[in-house]
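Chains as they are written, first to last, in the numbering used here: chain V, 1436 to 1735; chain P, 186 to 460; chain G, 172 to 514.
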């Protein structure tokens, strides 16, 4: 008996060898840096010399920092621009392409549209940023076109009252494709006879959307909601390339906020506190989502 | 079942209109990148080019040493994709097929790792790479992205492998294959299509990564295209056709990649939604 | 060389015991079939012989060698799986040769063995095909071929025919039996299908609830089932079981047979009933003619009873029918323990 349980234990233990490279890498690239970042957040540090321990002083300061609160508020704007709007739009688009275009015009058309809408999603954000700031700058394409139509242009990225909406618009443009392809591939596993049966039962397109598409795509919707919300909490590159957080912090987000404290003002401890708070919020939200989803899964 | 009449064409028209709107920025970059500045000034950005001038593209190409950036991006993304897939496979083999104890715990840990914003890692990574002399080295960034992509890949492949046909593994065991041979001679070839999809996505994700390469690859010689574009933004505002040329060059490799791997990319990939 | 001996074999998962004290010896060259309802432990037992499941207690030996702690590849066995478990990325030839490749058998020898097995199984034209391009029966043959090329001491089959359609199953039944007879390799074969067991086995091991109920030749089990479970499991339609007290049915009707005093269960196979002037009188509830025979479902003093009649009868539900039988065909079981009562 002893020999048997021994051999089984070694049987499973051998697999640990396969995990070793990954675990070591994960500890070095994620675990250790993250722990360091948390530790740094309790110190005052200029990046050189010894950090001095200041307890919760950085967090205390954070709570009173107007820039931090506006960065959190802008995060909500990005949740709308990256999670809410693209999810709704691409649900409608996916249903239209799957249930209407594919049956009326053929599969090829549906795939063609999907590919076209998807393209902005995979462009490097920085390159897209160059492209959009060229379009949105005061002498850019958009204003030239508006002027041609006899309308007043504006400094879209330079005016505090427009900048956040301009960046949001770019994010919608980027994000639609992501949720669209996930929804389309989710619909791919739905039995088409379900739609045919619904049609025979007299369900019109809106009913089919509401009673078939949405319920069938529930797992995908949950995943998309989770991943895009997390992406919105982390958003950095678009703000970096389009507005640098400005004007007047009107587009600042936590990632950019911590970045400037790390590398511009070199208040490393404060930057670490910002990013740690941001991480805590992200993980909390993520775990909440997952909890919600598994509970729903259990009920089903 | 085909309907006739107006509705079809209205729907199609709306979809085409939306598509045009989505692709307009890219189209604008193309048509303005090949114009002369005079042509742009005279007829505006919306007009098709009357002139044909590649000097904007050429200027930008040599100004940023585009071929070098391209090579850096290719090397980084290619290595991270291949190594990331291999690392994912090793991890997932242990968790999904080896069913190691604490496998679930490891997956939860990895999931949390995926959620951690890179801002929380960037300064320590900056500090650590500097102190071990790996700062401004493509290889350190390759290692970092290999691990980060593998975190996602492990999560995804572990669930794929936990549904790998048990009898096939047992047949291989009866046939005398050991664990290493089972992995490379049975599991790997059967999983190859999935791994190819994973590698495609790792490649494009790494290609588009911005923050970590921006911080860790400080010198011009090690920059990737993504970083070069980000650093450049705003510099060419006064010269619209060169800016259009820069934007076009920045997205051109991705456009080509998209045309080749369009089928794979548009199938989508997410944790949990993969069956 | 290929005898399989199990002594006191047990299997526990945590606290639950799924197999206990299994003692069995399968002789060299014998075709032994483990049969029983799903969950009876027959597959687990086979997998323990193969080395795919740990042994919680007792000993297994193959060819006189204790194999408890050996890896499957070192046990001199080959296995055919329910799903066939063919490697989808390998051709038929590579599938058959994989074990030899792992064992580093030299190329010429490997080729010769593959060729020989393929010829025997009629697979020669398909050697370069991939499994997905084969029919169900062909895949089944490849799985057999893969087992054959290893030239093992024992073949193990785990429900190998359950993925085939009825017609092909009958055909493959005799193919497997003939191949085994030609090779003379000891075979342990698991199935839940008692007809498969009856038609193929030299000896059948009937299992239930983690124990062996009876071991015997097919006709042994049919003619002299050791207990009610075996009696009802072997034979189709299942044996009728009639509760009898002091030779009388519950409603008082005397049965025309010599039964011991007290409560017993009388077993009578449906095919041993025939229409006759004397015997038991049943109330017909259903008539199912299949052409060759007519299946009558009926009740006898409120208990269900089935008869398979060779002769065509014209009865309808609701009719009474008198059925005769040869008393020699009666089986008696203890009403409490279900064990056979010898007469």
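Note that beta-carbon positions come from the ideal geometry of N, C-alpha and C, so glycine has one too.
Any C-beta of chain P under 9 Å from that of residue i
i	result
residue 1553 of chain V	yes
residue 549 of chain G	In the structure displayed, chain G extends from 172 to 514; residue 549 of chain G sits before or after that span and is not available.
residue 1442 of chain V	With a pLDDT of only 41 at residue 1442 of chain V, under the threshold of 50, the placement of this residue in the model should not be trusted; the figure read from the coordinates follows. So, not an interface residue.
residue 1586 of chain V	no
residue 1591 of chain V	no
residue 1539 of chain V	yes
residue 244 of chain G	yes
residue 502 of chain G	no
residue 222 of chain G	yes
residue 1509 of chain V	no
residue 360 of chain G	no
residue 1613 of chain V	yes
Outcome for residue i when other beta-carbon atoms lying within 10 angstroms are tallied against a minimum of 16
i	result
residue 239 of chain P	exposed
residue 251 of chain G	buried
residue 245 of chain P	buried
residue 1477 of chain V	buried
residue 1738 of chain V	The shown model of chain V, from 1436 to 1735, leaves out residue 1738 of chain V, and the question about it has no answer.
residue 1461 of chain V	buried
residue 245 of chain G	exposed
residue 297 of chain G	buried
residue 392 of chain P	buried
residue 184 of chain G	exposed
residue 285 of chain G	buried
Between the CA atoms of residue j and residue i - distance to the nearest angstrom
i	j	result
residue 248 of chain G	residue 359 of chain G	10 Å
residue 1620 of chain V	residue 1613 of chain V	11 Å
residue 1588 of chain V	residue 229 of chain P	15 Å
residue 1699 of chain V	residue 408 of chain P	20 Å
residue 1636 of chain V	residue 1535 of chain V	17 Å
residue 194 of chain G	residue 243 of chain G	21 Å
residue 321 of chain P	residue 1564 of chain V	24 Å
residue 314 of chain P	residue 324 of chain P	11 Å
residue 338 of chain G	residue 402 of chain G	27 Å
residue 1631 of chain V	residue 271 of chain G	52 Å
residue 1560 of chain V	residue 394 of chain P	9 Å
residue 294 of chain G	residue 309 of chain G	8 Å
residue 213 of chain G	residue 286 of chain P	28 Å
residue 467 of chain G	residue 477 of chain G	6 Å
residue 375 of chain G	residue 405 of chain G	10 Å
residue 442 of chain P	residue 1552 of chain V	16 Å
N- and C-terminal bounds of the alpha helix (DSSP H) containing residue i
i	result
residue 308 of chain P	304-316
residue 1656 of chain V	1653-1669
residue 367 of chain G	365-371
residue 1546 of chain V	1542-1557
CA nearest to the CA of residue i, picked from the options
i	options	result
residue 1503 of chain V	V:1706, V:1613, V:1543, V:1485	V:1706
residue 1664 of chain V	P:449, P:408, P:302, P:395	P:302
residue 227 of chain G	G:191, G:419, G:255	G:191
residue 431 of chain P	V:1509, V:1560, V:1566	V:1566
residue 335 of chain G	G:298, G:457, G:255, G:265	G:255
residue 206 of chain P	V:1724, V:1607, V:1709, V:1634	V:1607
residue 381 of chain P	P:263, P:327, P:435	P:263
residue 1482 of chain V	V:1605, V:1696, V:1528	V:1696
residue 318 of chain G	G:189, G:333, G:347	G:347
residue 1568 of chain V	P:428, P:438, P:435, P:235	P:428
residue 1601 of chain V	V:1516, V:1523, V:1471, V:1451	V:1516
Range of the contiguous beta strand (DSSP E) that encloses residue i
i	result
residue 492 of chain G	491-495
residue 247 of chain G	No beta strand (DSSP E) holds residue 247 of chain G; DSSP gives it neither H nor E.
residue 154 of chain G	Residue 154 of chain G cannot be examined here, being either before or after the span of chain G that is shown, 172 to 514.
Distance cut-off 8 Å: residue i Cβ against heavy atoms of the ligand SAM
i	result
residue 205 of chain P	This structure lacks the ligand SAM, and indeed carries no ligand of any kind.
Min CB distance residue i to chain G below 9 Å
i	result
residue 301 of chain P	no
residue 375 of chain P	yes
residue 281 of chain P	no
residue 460 of chain P	The pLDDT assigned to residue 460 of chain P is 33, lower than 50, so where the model puts this residue is not dependable, and the model offers no usable value.
Chain C residues whose Cβ lies nearer than 7 Å to that of residue i
i	result
residue 254 of chain G	In the displayed structure, chain C is absent; the protein chains listed are V, P and G.
Neighbour flag for residue i against chain V, beta carbons, 9 Å
i	result
residue 387 of chain P	no
residue 230 of chain P	yes
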